[in-house]
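Chemist: Okay, here's the structure, questions in a sec.
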Amino acid sequence: MTVDLSVEIGGLKMKNPVMTASGTFGYGREYAHVVDLNRLGALVVKGTSVHPWAGNPPPRVAETPAGMLNAIGLENPGVDRVVKEELPALRAFHVPVVVNIVGHTVSEYVEVARRLDDSDGVAALEVNISCPNVAEGGLTFGTDPDQAFEVLRRVREVTRLPLIAKLTPNVTSVAEIARSVVEAGADAVSLINTLLGMSIDIETRRPVLGNTLGGLSGPAVKPVALRMVWEVAGAVSVPVIGMGGICNARDALEFLMAGASAVAVGTATFVDPTAPLKIVDGIEKYLKEKGFRKVTEVVGLARRS
Amino acid sequence: MTVDLSVEIGGLKMKNPVMTASGTFGYGREYAHVVDLNRLGALVVKGTSVHPWAGNPPPRVAETPAGMLNAIGLENPGVDRVVKEELPALRAFHVPVVVNIVGHTVSEYVEVARRLDDSDGVAALEVNISCPNVAEGGLTFGTDPDQAFEVLRRVREVTRLPLIAKLTPNVTSVAEIARSVVEAGADAVSLINTLLGMSIDIETRRPVLGNTLGGLSGPAVKPVALRMVWEVAGAVSVPVIGMGGICNARDALEFLMAGASAVAVGTATFVDPTAPLKIVDGIEKYLKEKGFRKVTEVVGLARRS
Amino acid sequence: MSWPEPEPSWNRFEARVLKVDHPREDHCLVVLEAPLIARRGKPGQFVHVRVGGEGFPVLRRPLSVAAFHPDRGEIELFFRIVGRGTKWLAQRKANDLLDLLGPLGRGFPTGPGGPWLLVGGGIGSAPLLSLAQAAQRRRIPVVVLLGAKQQAELVLASRFGELDARVHVATDDGSMGVKGPVTSLLADQLKQNEPPAVVYACGPKPMLKKVKEMTRGQAFPCYLSLEERMACGVGACLGCSCAAETTGTARATTCTEGGTGCENLVQENKVTDLLPGPVGYVRVCVDGPVFEAGEVSLD
Amino acid sequence: MSWPEPEPSWNRFEARVLKVDHPREDHCLVVLEAPLIARRGKPGQFVHVRVGGEGFPVLRRPLSVAAFHPDRGEIELFFRIVGRGTKWLAQRKANDLLDLLGPLGRGFPTGPGGPWLLVGGGIGSAPLLSLAQAAQRRRIPVVVLLGAKQQAELVLASRFGELDARVHVATDDGSMGVKGPVTSLLADQLKQNEPPAVVYACGPKPMLKKVKEMTRGQAFPCYLSLEERMACGVGACLGCSCAAETTGTARATTCTEGGTGCENLVQENKVTDLLPGPVGYVRVCVDGPVFEAGEVSLD
Ligand SMILES: Cc1cc2nc3c(=O)[nH]c(=O)nc-3n(C[C@H](O)[C@H](O)[C@H](O)COP(=O)(O)OP(=O)(O)OC[C@H]3O[C@@H](n4cnc5c(N)ncnc54)[C@H](O)[C@@H]3O)c2cc1C
Ligand SMILES: Cc1cc2nc3c(=O)[nH]c(=O)nc-3n(C[C@H](O)[C@H](O)[C@H](O)COP(=O)(O)OP(=O)(O)OC[C@H]3O[C@@H](n4cnc5c(N)ncnc54)[C@H](O)[C@@H]3O)c2cc1C
Ligand SMILES: Cc1cc2nc3c(=O)[nH]c(=O)nc-3n(C[C@H](O)[C@H](O)[C@H](O)COP(=O)(O)O)c2cc1C
Ligand SMILES: Cc1cc2nc3c(=O)[nH]c(=O)nc-3n(C[C@H](O)[C@H](O)[C@H](O)COP(=O)(O)O)c2cc1C
Ligand code: FES
Ligand code: FES
């Protein structure tokens, strides 16, 4: 008996529910000779802005118990070079490419979305609203329902691509933000981005990261990520992409059962670049053993009592 | 050369900056024969309500990567029995006893504070505002600056004991809540309480905890806790008590350098009941080696650049 | 029938591993040098074992003491390898040190009369072995009913035999003894002429529930050893709660009226057992892990 | 002077541990069976080693290959035990398997001319050993300057000697060789009649900074091997950035104009190096770990 692993996320068709997480898999190219990209549900590339961003001063990463902090600062060469130098090579693979977009103002988001909507080989946009809103004093768009709404509404106007809103966990009510972006036109939501954290070196007596604050990811955050996916899946009717600390098929199945229609794997690929593919295999094995025919049958299973 | 470890937290005098965390050290009695309670900076007892609370259905704890979830549900025998049956025994020790107070309505907080203000052997109150506000539909007091203000203001009216507001990390801006409770009269703030999380058993396909959601604690949350202490120490001028994942003296020193005047140790005592005392020793050793004379000299050290 | 003395004096020990044995791939027997626990511990008590290094995993693992050897100063742990912690434990080598808290909990209450009827399901037979030891020392006749999925899991059966216990066996697949659940053996036993003086049971929850039903209203008491997820293991965190059979208030009443098991709870001043409210909870780590069947709700 | 071929074909290996040696309590030498890396790797490249089990810690540890033995299919790692990961590594036993990615990074560029001057501070001498190996094979004369706190830390000195290198030593406490920093030896060398064809250095940042200053404007190139905290190790996460000496824009200009080291960056199409903006960053894992001294800012 074969199991149907395919899922559809707001118009984005994937052969299985496992994606890479933005910023942790480069542009795919870095791993293409050791990971069969064609077997991924989708490949999500790094945060991309209108103009090139230089990123934060080093050190940019630090290890923490069962997790890591990063403060890359969304370094990227800008949308023009991504379109010209990175996307063409990915067209050789049979994998939907999702571009994660970032901006310091609403119009920067709009501009990069417009450029990508015109480009070949982009299957969907993931709008990373965890960026500081420069006009509003640096508070991140994603922590305010109105600003999150505004970004998604304006981006929605300029693209027909499936639109995924990527939510930040650093909020009192992630469900409220989720409802807001869905109302603004998002076809799906993905979460969680990293939890704000920091670390101090007691020898130098200074913060470890060059940027002082960084984003926590990896197994340590999994319980928080799962809870937020549970809350959001109960609050909106669009598909949810779950991520945060997923290392193996068991973790991925927890997210699916909490209500996610797909999952993304980030930090775990640093330990094992083939983790996303092992997770695909593991999900398939579980479904077969338990007699499910489609992966969609387990989505939200833990919600029904 | 001896090092002065003593600190004062909003009127609460402690011989060293290391306390136990509420809910993780019972009433001290459970550990008194293996841990010299007199060597603790302060002993914080469990959340105490006006009436007895039954707590949540089991399972109440679950392990997570470098952390644990708990959903005890603040089970406690009520303030009368705590005053009658628990506090008297603690008076035999030379350790300040801080009582953590909880309520479902503002007047429940007020009532329990009033009762404790009348009692012997209470050195300070820690107001746990991570309780659902029953009147306001179950949102926790601590996620709303106005409700947090109201609880502290009203409790302040009925007690002269040093008042510590214990903040929840499940908010967009912990600094905003901190400012609010300080304005209401809190003499100090303590943080973090647990991060809301959950876990699913993929065999039973149900949430692991009887209560579905639980609070994440332990090393996994340390980077988030440290960041929040950093933010709050920069936002208010009252002393800050830092906690969240502290396992050893290095961890504790990170919190002190981030701006905490004292620290509390919770989950780590489950692994090693003597952890709080080892941390006292470790802090003293570090200070001696580095030539500090007082522990207060390292408070906020990482903030000065 | 009297409960063993409360044990306020648990301590933390570095116990030396003397032997690690794998009678089956997924079962493990560890012999430890732990003289104080070996001498002071009672059947049914457990130790809380630290696993892994440097603070991870964050929780200790509760394991019953399967056998006490006060003469040699040794204890035995017998467990199934189910997850990260037990896997780590099973990889220990002779002379490694294990960090443990113990002896913890309230063991099995025992009286002078026999015979004792022991009912063990799967790995639940572990704590019963120490009871069989005690019975042998006190020359009390013991009947042991052991159940498991298959013969291979009945690795402790011969150990009970060595302790002069009469052993009956049931397996789900019939590969050893009677085919069926261990409770079918219990049904047979309860039909016999001589009733047991007491029934002790340990095993999976559905089995314990069945045993509780089958022994309800009988003249002899029935004691169950429960498992629950634990953080502190010593009564401080309220993490290991199990619902009391009746509501807290009702239990409090029972207690003042002098009900059997509850009496002891009151004597030992366990405030949290007696909460008024919709549900009362008991702590498996200090109020148990052994309870009178009537005290706890197994739903 | 030409950079080694870019190595797009790193892979993941299960390498068998052949030997674990502790020349000093806090230093460790591990010999691994890793034939492909032994044959294809270049001096200055590194491996990214998984430490611990079951996904914790979450980050691999970067370690230079201290010696390549293509004939025997072996490589050597030499490291100081500083934290959790290196401690775990140092506890491996023969026949354990290590999970590693490699060979990674851009090694030392080499040319036919000599002599080579190698400057190593502390454990920074490790990657230089593989250069001395290469020099011996190619019969290029090598002078090695080694610095350390005390004699005991100079455990690799004899290995350089075996490779026919001329070794000079400096220690902070004067317990071996000259008393003072290794850069004082460098000053002496640079005063000699015959200038080196190239200087290679690895060690703590302050030392590298000094070496960079001392070799600035000289006729011979100077290459530094840097360390930075890494996540992926393969260029995907931008976690290991180091500031470029000039701003991104300026470097881009230098490159079109044909500057020395930068040329190679352009050839290898490393987009992220050439960002316009206030600061340009290079990735230590794929753009390095070896850089021309002029390329990177060490402030
Ligand atoms: C009082 C008591 C005595 C016990 N005695 C024995 C014994 O003699 N032999 C034996 O094989 N098992 C015994 N158990 C069960 C044993 O504690 C678990 O099998 C063990 O903790 C599993 O740990 P793990 O890391 O291998 O599994 P994991 O599933 O990885 O553990 C994850 C977490 O869940 C907890 N957990 C998992 N299963 C159980 C369980 N059944 N009961 C309590 N906590 C659990 C673990 O302690 C840990 O905190 C006993 C349990 C209790 C409460
Ligand atoms: C390209 C490269 C080659 C290296 N080669 C060697 C070598 O041959 N011999 C040797 O002794 N050391 C070498 N190092 C340094 C080595 O990687 C660290 O000492 C090691 O990662 C420390 O790990 P830990 O778990 O013991 O320490 P911890 O301090 O517990 O590590 C915590 C985290 O910080 C990182 N970290 C700590 N120190 C360093 C460091 N100096 N550089 C980079 N990351 C660090 C760790 O990788 C880990 O992610 C090299 C570093 C790099 C970047
Ligand atoms: C090094 C690094 C870089 C990241 N860059 C981005 C990014 O550019 N855009 C984004 O939306 N999320 C970014 N993230 C967040 C991840 O996509 C993901 O949401 C988060 O790491 C949680 O998943 P994980 O625990 O599986 O890593 C980054 C994470 C890491 C660790
Ligand atoms: C089992 C358990 C019970 C707790 N009970 C309380 C409580 O009653 N009141 C309270 O304010 N915090 C309570 N907490 C939160 C801790 O006091 C502490 O804020 C948190 O666990 C973070 O610290 P840690 O990581 O050191 O445990 C509890 C935590 C745990 C693990
Ligand atoms: S495990 Fe803490 S009270 Fe039982
Ligand atoms: S470590 Fe990821 S880019 Fe260098």
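Chains as they are written, first to last, in this note's numbering: chain A, -11 to 293; chain B, -11 to 293; chain C, 2 to 300; chain D, 2 to 300. By construction, the Cβ of each residue, glycine as well, lies at the ideal position given by its N, Cα and C atoms. Every value quoted in this text rests on a predicted model; they were computed, and no experiment measured them.
1. Mapping the DSSP letters down to three states, classify Ile267 of chain A as helix, strand or coil.
2. Does the Cβ of Thr87 of chain C have 16 or more other Cβ atoms within 10 Å, making it buried, or fewer, making it exposed?
3. Could you give the DSSP three-state label for Thr147 of chain B: helix, strand or coil?
4. Hey, Asp239 of chain B and Lys266 of chain B are a contact pair by Cβ (cut 8 Å); roughly how many whole angstroms apart?
5. Tell me the residue span of the alpha helix (DSSP H) that contains Trp89 of chain D.
6. Could you name the residues of the same chain whose beta carbon sits closer than 8 Å to that of Leu37 of chain C, not counting the 5 residues immediately before and after it, in chain order?
7. At the 7 Å Cβ level, is Val235 of chain D part of the contact set with chain A, yes or no?
8. Taking DSSP's pairing of strands, which residues face Trp41 of chain B in a bridge?
9. Does any heavy atom of ligand 3 sit closer than 6 Å to the C-beta of Ala250 of chain A?
10. With 16 as the cutoff for other CB atoms within 10 Å, does Asn88 of chain A come out buried or exposed?
11. Output needed for Leu25 of chain A: all residues of its chain with C-beta closer than 7 Å, excluding positions within five of it in sequence on either side, in chain order.
12. Within the same chain, show all residues whose beta-carbon is closer than 8 Å to that of Val220 of chain B, passing over the 5 residues directly before and after it, in chain order.
13. Establish whether the CB of Gly185 of chain A and some CB of chain B are separated by less than 7 Å.
14. By Cβ distance below 8 Å, which residues in the same chain neighbour Val295 of chain B in space, the five residues on each side in sequence not counted?
15. Closer than 8 Å by C-beta to Ala208 of chain B: which residues in its own chain qualify, once you throw out the five before and the five after it? Chain order, please.
16. Could you check what DSSP says for Ala232 of chain D in three-state terms: helix, strand or coil?
17. Under the three-state reduction of DSSP, which class applies to Trp117 of chain D: helix, strand or coil?
18. Along the stretch 32 to 60 of chain D, where does the CB come closer than 8 Å to a CB of chain A? Name the residues.
19. List in chain order the residues whose CB is within less than 5 Å of at least one heavy atom of ligand 2.
20. Assuming Phe258 of chain A contacts Val59 of chain D (C-beta within less than 8 Å), just tell me the rounded distance between them.
21. Determine whether the beta carbon atoms of Leu227 of chain C and Cys243 of chain C lie at a separation below 7 Å.
22. Give the list of continuous alpha helix (DSSP H) stretches no shorter than 4 residues that lie fully inside the stretch 165 to 197 of chain C.
23. Which residue comes first and which comes last in the beta strand (DSSP E) that contains Glu51 of chain A?
24. Output yes if chain A places a C-beta closer than 7 Å to the C-beta of Arg230 of chain D; else output no.
25. Just to confirm, is the Cβ distance from Phe47 of chain D to Leu105 of chain D under 7 Å?
26. Where in the stretch 17 to 105 of chain D do unbroken runs of the alpha helix (DSSP H), each at least 4 residues long, occur, reported from the N-terminal end onward?
27. Since I believe Ala232 of chain D is in contact with Val49 of chain A (beta carbons under 8 Å), could you give me their beta-carbon distance rounded to a whole number of angstroms?
28. Are there 16 or more other CB atoms within 10 angstroms of the CB of Lys34 of chain B, so buried, or fewer, so exposed?
29. Which residue wins for smallest C-alpha separation from Val287 of chain A, given the options A:Gly230, A:Pro261, A:Thr255, A:Asn236?
30. Does any residue of chain B have a CB that is nearer than 7 Å to the CB of Leu239 of chain C?
31. Name the residues in the stretch 225 to 243 of chain B whose C-beta lies less than 8 Å from a C-beta of chain A; which are they?
32. Whose CB is closer than 7 Å to a heavy atom of ligand 5? List the residues in chain order.
33. Looking at Tyr19 of chain A and Pro261 of chain A, is the spacing between their C-beta atoms short of 7 Å?
34. Would you mind working out which of B:Glu114, B:Val6, B:Gly61, B:Val(-5) sits nearest Asp269 of chain B, comparing C-alpha positions?
35. Step through the CB atoms of chain A and report whether any lies within less than 7 Å of the CB of Ala166 of chain B.
Modeler: Quick look at the numbers:
1. Looking up residue 267 of chain A in the first sequence gives position 279. Three-state result, Ile267 of chain A: helix.
2. Your numbering for residue 87 of chain C matches position 86 in the third sequence. By the 10 Å Cβ count, Thr87 of chain C comes out buried.
3. Here residue 147 of chain B refers to the residue found at position 159 of the second sequence. In this structure, Thr147 of chain B counts as coil in the three-state DSSP scheme.
4. In the second sequence, residue 239 of chain B corresponds to position 251, counting from 1. In the second sequence, residue 266 of chain B corresponds to position 278, counting from 1. The pair is not a contact, with the Cβ atoms about 11 Å apart (cut-off 8 Å).
5. On the fourth sequence, position 88 is the one that residue 89 of chain D refers to. Where Trp89 of chain D is concerned, the enclosing alpha helix (DSSP H) stretches over 85 to 91.
6. The residue labelled residue 37 of chain C in the question sits at position 36 within the third sequence. Asn12, Phe14.
7. The count along the fourth sequence starts at 1 and reaches residue 235 of chain D at position 234. Yes, because at least one Cβ of chain A sits closer than 7 Å to the Cβ of Val235 of chain D.
8. Taking the second sequence and counting its residues from 1, one reaches residue 41 of chain B at position 53. Beta-bridge pairing links Trp41 of chain B to B:Asn64.
9. On the first sequence, residue 250 of chain A is found 262 positions in, with the first residue counted as 1. No, the Cβ of Ala250 of chain A stays beyond 6 Å of every heavy atom of ligand 3.
10. Here residue 88 of chain A is taken as the residue at index 100 of the first sequence, counted from 1. Asn88 of chain A should be labelled buried.
11. Along the first sequence, one-based indexing puts residue 25 of chain A at 37. The answer, listed in chain order, is Gly16, Leu31, Phe81, Val83.
12. Residue numbering aside, residue 220 of chain B sits at position 232 when the second sequence is read from its first letter. Cβ within range, chain order: Leu155, Val162, Ala163, Ala166, Val177, Leu179, Val228, Gly247.
13. As a working mapping, residue 185 of chain A is identified with position 197 in the first sequence. Yes, Gly185 of chain A counts as interfacial toward chain B.
14. This structure leaves residue 295 of chain B out entirely; chain B is present only between -11 and 293.
15. Here residue 208 of chain B corresponds to residue number 220 of the second sequence, with the count starting at 1. Same-chain partners within the cutoff: Thr52, Pro53, Ala54, Gly55, Gly233.
16. Within the fourth sequence, numbered from 1, the residue matching residue 232 of chain D stands at position 231. Looking at Ala232 of chain D - three-state DSSP - the assignment turns out to be coil, as it is neither helix nor strand.
17. If you number the fourth sequence from 1, residue 117 of chain D lands on position 116. Correct three-state label for Trp117 of chain D: strand.
18. Arg51, Gly56, Phe57, Pro58, Val59, Leu60
19. A:Glu51, D:Phe47, D:Leu60, D:Arg62, D:Pro63, D:Leu64, D:Ser65, D:Phe80, D:Arg81, D:Val83, D:Gly84, D:Arg85, D:Gly86, D:Thr87, D:Ile124, D:Ala127, D:Glu228, D:Arg230, D:Pro290
20. Counting from 1 along the first sequence, the entry for residue 258 of chain A is found at position 270. Counting from 1 along the fourth sequence, the entry for residue 59 of chain D is found at position 58. About 7 Å; that satisfies the 8 Å criterion.
21. Residue mapping note: residue 227 of chain C aligns to position 226 of the third sequence, counting from 1. Residue mapping note: residue 243 of chain C aligns to position 242 of the third sequence, counting from 1. Yes.
22. 183 to 192
23. The residue you call residue 51 of chain A lines up with position 63 of the first sequence. 49 to 52 is the extent of the beta strand (DSSP E) around Glu51 of chain A.
24. In the fourth sequence, counting from the first residue as 1, residue 230 of chain D sits at position 229. For Arg230 of chain D, the answer is yes, since a Cβ of chain A falls inside 7 Å of its Cβ.
25. Your numbering for residue 47 of chain D matches position 46 in the fourth sequence. Your numbering for residue 105 of chain D matches position 104 in the fourth sequence. In this structure, Leu105 of chain D lies closer than 7 Å to Phe47 of chain D by Cβ.
26. Entirely contained in the stretch 17 to 105 of chain D, the alpha helix (DSSP H) runs reaching 4 residues are, in chain order, 36 to 41, 85 to 91.
27. In the first sequence, counting from the first residue as 1, residue 49 of chain A sits at position 61. In the fourth sequence, counting from the first residue as 1, residue 232 of chain D sits at position 231. Yes, they are in contact, since the Cβ atoms of Val49 of chain A and Ala232 of chain D sit about 5 Å apart, within 8 Å.
28. By one-based count along the second sequence, residue 34 of chain B stands at place 46. Buried, by the Cβ-count rule.
29. Against the first sequence, residue 287 of chain A aligns to sequence position 299. Looking at the Cα atoms, A:Gly230 is the closest of the given residues.
30. Translated into positions along the third sequence, residue 239 of chain C becomes position 238. A Cβ of chain B is located within less than 7 Å of the beta carbon of Leu239 of chain C.
31. Gly233, Arg238, Leu241, Glu242
32. C:Met231, C:Ala232, C:Cys233, C:Gly234, C:Val235, C:Gly236, C:Ala237, C:Cys238, C:Leu239, C:Gly240, C:Cys241, C:Arg284, C:Val285, C:Cys286, C:Val287
33. Taking the first residue of the first sequence as position 1, residue 261 of chain A is located at position 273. Taking the first residue of the first sequence as position 1, residue 19 of chain A is located at position 31. Yes, they are a contact pair.
34. As a first step, residue 269 of chain B is located in the second sequence; it is residue number 281 there, counting from the start. Taking only the C-alpha atoms, the option nearest Asp269 of chain B is B:Val6.
35. Counting from 1 along the second sequence, the entry for residue 166 of chain B is found at position 178. Chain A contact via Cβ: absent.
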